[in-house]
Amino acid sequence: MKTIGEVAVELGVEAHVLRHWEDVGALTVRRDGNGYRIYDDSALEQAHTVLKLRRVGLSLPEVAAAMAPTKSAAQAVVKAKIAALKDEVVHR
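Just add 3 to wherever you are in the sequence shown, counting from 1, and you've got this note's numbering.
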């Protein structure tokens, strides 16, 4: 279990970025009895995935959709992004 500060340092982002990811639905984090965010292995892996998706150019709404529990929603987002990137390359 890690705190938001520890995860922020590990990912190289500010803590407010992690809170924003949670606010827009791109990241799901449990809270302890005092309301503090607790990053278990699953949440930490999810945070790493969000960061990777952002680095390859997905917007936060796209990341949130890609992180959706249904595989088909995630696949649709990825396919749409790939198509958009291919179109961008063709028109350069």
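Here a beta-carbon is modelled for each residue, glycine too, at the ideal position from N, C-alpha and C.
In the DSSP annotation of this structure, the continuous segment of the alpha helix (DSSP H) that includes residue 64 starts and ends at 63-69. Inter-segment contact for the region 49-60 and the region 22-35 is present: three or more beta-carbon pairs are separated by less than 8 Å. Residue pairing of residue 41 in beta bridges, as defined by DSSP: 33. For residue 60, there are no CB contacts under 6 Å within the same chain when 5 residues up- and downstream are skipped.
Check the Cα spacing between residue 5 and each of 71, 44 and 65: the tightest is with 44. Residue 42 has its alpha-carbon roughly 7 Å from the corresponding atom of residue 33.
Boundaries for residue 59: no alpha helix (DSSP H) harbours it, and the DSSP string shows neither H nor E there.
Short of 7 Å from the beta carbon of residue 18, and not among the five residues preceding or following it, lie these beta carbons of its own chain, in chain order: 7, 8 and 11.
Going by C-alpha positions, residue 31 is about 23 Å away from residue 82.
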